[in-house]
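See below for the structure under consideration.
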Amino acid sequence: MPKKQSRRDAASVETAQAKRSDAMTASGGRQASPAKPVYQSALKVGLVVLVVGLSVACVQYKVPTIMTAIAPRFHLSTDASSWLMSIFTLAGIFFALPAGGMAQRFGFKKVMLCSSALIVAGSVIGLLAGGNGVVLIASRAVEGISLTIITTCAPIAIQRCVNPDRIGLATGLWGCWGSGGAVIASVLTPQIFASAGFEGVWIVFAVFAAFAALLLLLFVREPSRAIEAAASEQSAARVPRYSELATKNVALFLISFVVLNLLMLALLGMLPSVLMLPEKGFSREMAGFASTFASLLALVSTPLFGLLADKIGRVKPLLVFTLTMLGPCLFLMYTQTGMLFWVGAAALGLLGFGSIGLSIAAWMQIIPRPELVPKGMGVLTLVQSVGQFLGTFLVQILLGPTFENWFFAGIVLMVVGLLGAGAAAMVRFR
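Residue numbers (our numbering): 837 to 1266.
What follows is the structure, encoded as structure tokens:
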């Protein structure tokens, strides 16, 4: 009996080895390397995830240019109305880490499609709020959860679908999502609000989110689970852990990323209200355009910086340079109204906002190994949410209850921007 049992055990081992060999052997009996992904067009993937990002950014930035107009309808004070922006990013703090895990378990495509549906659900809740400000703020939290999940999953989609040699182009296009959405929302929201009111604004951007989800469904393929399983089997000995991201190098980069997002929201979320102060003299429409002029230029500069990074094969010098531009440019936009304002806006859009796409490309190089990307993107989105929350909540405190401290806020933002650039300069890249 023991000999027969040994033969059966040996046969089982041989059978298991044969199965593994079959899985790893190409046609003709040659030993093959693990299955390789069939990469998709960097341009196509980048454009599709950009449209999805634009849809959620439009929902995020549909509020700033009409905040003072809708606050009385929902019985919101100046301080309370600022939560229409703050809650959007605060909600993301609690869902950033789970978003990475969901993308890894269910696939980025399913998770992004569900998140687009969540945008529509949040918009419907807002439409049904009546005059209840608490319900409206709660609906913004629902929309904010969707933003967090999409901004976590889109870079994962790029990492899994695009050839690493072309990833700069895709991340450069994706980097336009925030600035592009801000431009679209700031231009269209006042027009829609004037003709169709609050309801029109909420409906139009919900429809845009549904359209973006349809593009994702039709034009981006999720990589084969077999390919991902082969990659996972290779790295099974080292299960990805968050503790691997607990390094000084990662911390320095995340500080710079907090600063980037803080300054972006200080511009896109708070500057329109500053520009509409009597001493600034901007109309609602002009304030919306002026605060997003830099974002309009970034639609060109962000992909170009991504292409440049691909060409020279280096991200760090470009990232440090663009981050250095952020603080001084924002200082000019907060404190000036004439020619210097527009100089600051142009420099911010053409140079400073190049840091958006470069930051994503940089993060891919700073993460210790590819298997950590889902968890790493969850951490990055968490940090993004913290920065964006501070960009509205903290800047609101700096400005004061009636936004009278705009010069002081401009100085603080410039100093913070330079500190963020300094932190990026100390980061070591792979």
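Ideal placement from N, C-alpha and C gives every residue a C-beta, glycine not left out.
Legend entry - Spatial distance of Met921 from Gly958 (CA atoms): Here residue 921 is taken as the residue at index 85 of the sequence shown, counted from 1. Here residue 958 is taken as the residue at index 122 of the sequence shown, counted from 1. Roughly 14 Å between the two C-alpha positions.
Inset, instruction - Label Asn999 either buried or exposed according to how many other C-beta atoms from any shown protein chain fall within 10 Å of its C-beta, with 16 as the threshold for buried. - result: What you label residue 999 is simply residue 163 of the sequence shown in a count that begins at 1. That one is exposed.
Inset, instruction - Determine the extent of the alpha helix (DSSP H) in which Pro1114 is found, giving its start and end residues. - result: Locating residue 1114 in the sequence shown gives position 278, where the first residue counts as 1. Looking at the DSSP string, Pro1114 is not in any alpha helix (DSSP H), and its letter there is neither H nor E.
Inset, instruction - Could you spell out the range, first to last residue, of the alpha helix (DSSP H) harbouring Leu964? - result: Within the sequence shown, residue 964 is the residue found at index 128, counting from 1. From DSSP, Leu964 is part of no alpha helix (DSSP H); its letter is neither H nor E.
Inset, instruction - Name the two residues that bound the continuous alpha helix (DSSP H) containing Ile981. - result: As a working mapping, residue 981 is identified with position 145 in the sequence shown. Residues Gly969 to Cys997.
Inset, instruction - Spatial neighbours of Leu1135 within its chain, please: CB distance less than 6 Å, with the 5 preceding and 5 following residues excluded, ordered by chain position. - result: For the purposes of this step, residue 1135 is taken as the residue at position 299 of the sequence shown. Spatial neighbours of Leu1135 in its own chain (CB-CB distance under 6 Å, excluding positions within 5 residues in sequence) are listed in chain order as Cys1012 and Gly1016.
Legend entry - Residue span of the alpha helix (DSSP H) that contains Glu1035, given as start and end: By one-based count along the sequence shown, residue 1035 stands at place 199. Here the alpha helix (DSSP H) through Glu1035 covers Trp1013 to Phe1055.
Legend entry - Beta-carbon proximity check, Ala783 vs Leu1140, cutoff 8 Å: This structure does not reach residue 783, given that the chain is present from 837 up to 1266, and the question cannot be answered.
Legend entry - Rounded straight-line distance, which links the Cα of Met1200 to that of Leu1088: Counting from 1 along the sequence shown, the entry for residue 1088 is found at position 252. Counting from 1 along the sequence shown, the entry for residue 1200 is found at position 364. Cα to Cα, Leu1088 sits roughly 15 Å from Met1200.
Inset, instruction - Excluding the 5 residues preceding and the 5 following Leu1176 in the sequence, name in chain order all residues of the same chain whose CB lies nearer than 7 Å to its CB. - result: Looking up residue 1176 in the sequence shown gives position 340. Excluding sequence neighbours, Leu1176 sits near Leu1168.
Inset, instruction - State the start and end residues of the unbroken alpha helix (DSSP H) segment that holds Val899. - result: As a first step, residue 899 must be located in the sequence shown, where it is residue number 63. Here Val899 belongs to no alpha helix (DSSP H), and DSSP marks it neither H nor E.
Inset, instruction - Kindly examine the ligand NAD and report whether one of its heavy atoms sits closer than 7 Å to the Cβ of Ala1006. - result: As presented, the structure is devoid of all ligands, the ligand NAD included, so that no description of it is given.
Inset, instruction - Use the C-beta contact count for Asp858: other C-beta atoms within 10 angstroms, 16 or more gives buried, fewer gives exposed. - result: The residue given as residue 858 occupies position 22 in the sequence shown. The pLDDT assigned to Asp858 is 47, lower than 50, so where the model puts this residue is not dependable, and the model offers no usable value.
Legend entry - Ile994 beta carbon less than 8 Å from that of Ala1179: Locating residue 1179 in the sequence shown gives position 343, where the first residue counts as 1. Locating residue 994 in the sequence shown gives position 158, where the first residue counts as 1. The sequence given here has Val at residue 1179, not Ala. No, these two residues do not count as a Cβ contact at 8 Å.
Legend entry - Buried versus exposed, by CB contacts within 10 Å (16 or more), Ala1243: Against the sequence shown, residue 1243 aligns to sequence position 407. According to the sequence shown, residue 1243 is Phe rather than Ala. It counts as exposed.
Legend entry - Euclidean distance between Cα positions of Leu1230 and Gly980: If you number the sequence shown from 1, residue 1230 lands on position 394. If you number the sequence shown from 1, residue 980 lands on position 144. Taking the straight line joining both Cα atoms gives about 18 Å.
Inset, instruction - Measure the Cβ-Cβ separation of Ala990 and Gly889 and say whether it is below 8 Å. - result: Start at 1 with the first residue of the sequence shown, and residue 990 comes out as number 154. Start at 1 with the first residue of the sequence shown, and residue 889 comes out as number 53. It is a contact, given that the beta carbons lie within the stated cut-off.
Inset, instruction - Can you tell me which of Val1040, Pro1153, Ala1046 and Ile986 puts its alpha carbon nearest to the alpha carbon of Gly1214? - result: To locate residue 1214, count along the sequence shown from 1; it is residue 378. The residue with the shortest Cα to Cα distance from Gly1214 is Ile986.
Legend entry - Nonlocal neighbours in the same chain, by C-beta distance under 7 Å from Met1112, ignoring five residues either side: Taking the first residue of the sequence shown as 1, we reach residue 1112 at position 276. Taking C-beta separations shorter than 7 Å and ignoring five residues to either side along the sequence, the partners of Met1112 in its chain run Phe1118, Arg1120 and Ala1123, following chain order.
Legend entry - Residue closest to Gly1036, alpha-carbon to alpha-carbon, out of Ile1003, Val1086 and Leu963: Reading the sequence shown from its first residue, position 200 is the one you call residue 1036. The candidate whose alpha carbon is nearest that of Gly1036 is Leu963.
Inset, instruction - Return yes when the Cβ of Val892 is within less than 8 Å of the Cβ of Ala1045, no when it is not. - result: Here the question's residue 1045 lines up with position 209 in the sequence shown. Here the question's residue 892 lines up with position 56 in the sequence shown. Result yes, Cβ atoms of Ala1045 and Val892 sit closer than 8 Å.
Legend entry - Cutoff 7 Å; reference Ile923; Cβ partners in own chain excluding five residues on either side: For the purposes of this step, residue 923 is taken as the residue at position 87 of the sequence shown. The answer, listed in chain order, is Ile973, Arg976, Ala977 and Gly980.
Inset, instruction - Decide if the segment 1079-1086 is in contact with the segment 1049-1059; the criterion is three or more beta carbon pairs, one per stretch, under 8 Å apart. - result: no
Legend entry - Cα-Cα separation, Ala1259 to Phe944: Indexing the sequence shown from 1 puts residue 1259 at position 423. Indexing the sequence shown from 1 puts residue 944 at position 108. Ala1259 and Phe944: Cα-Cα distance of roughly 31 Å.
Legend entry - Thr984 and Phe931 closer than 8 Å at C-beta: Walking along the sequence shown from the start, residue 984 turns up at place 148. Walking along the sequence shown from the start, residue 931 turns up at place 95. Taking 8 Å as the Cβ cut-off, Thr984 and Phe931 qualify as a contacting pair.
Inset, instruction - Can you grab the Cα-Cα spacing for the pair Ala1073 / Pro1204, in whole Å? - result: Here residue 1073 is taken as the residue at index 237 of the sequence shown, counted from 1. Here residue 1204 is taken as the residue at index 368 of the sequence shown, counted from 1. Note that Ala1073 scores a pLDDT of 49, beneath 50, so its modelled location is shaky; the value from the coordinates is reported in the next line. In a straight line, the C-alpha of Ala1073 is about 15 Å away from that of Pro1204.
Legend entry - Collapsed DSSP secondary structure at Asn1271 in the structure displayed: Past the boundaries of the shown model lies residue 1271; the chain is included only from 837 to 1266, so the question cannot be answered.
Legend entry - Sufficient close CB pairs (3 or more, under 8 Å) joining the segment 1217-1230 to the segment 1148-1156: no
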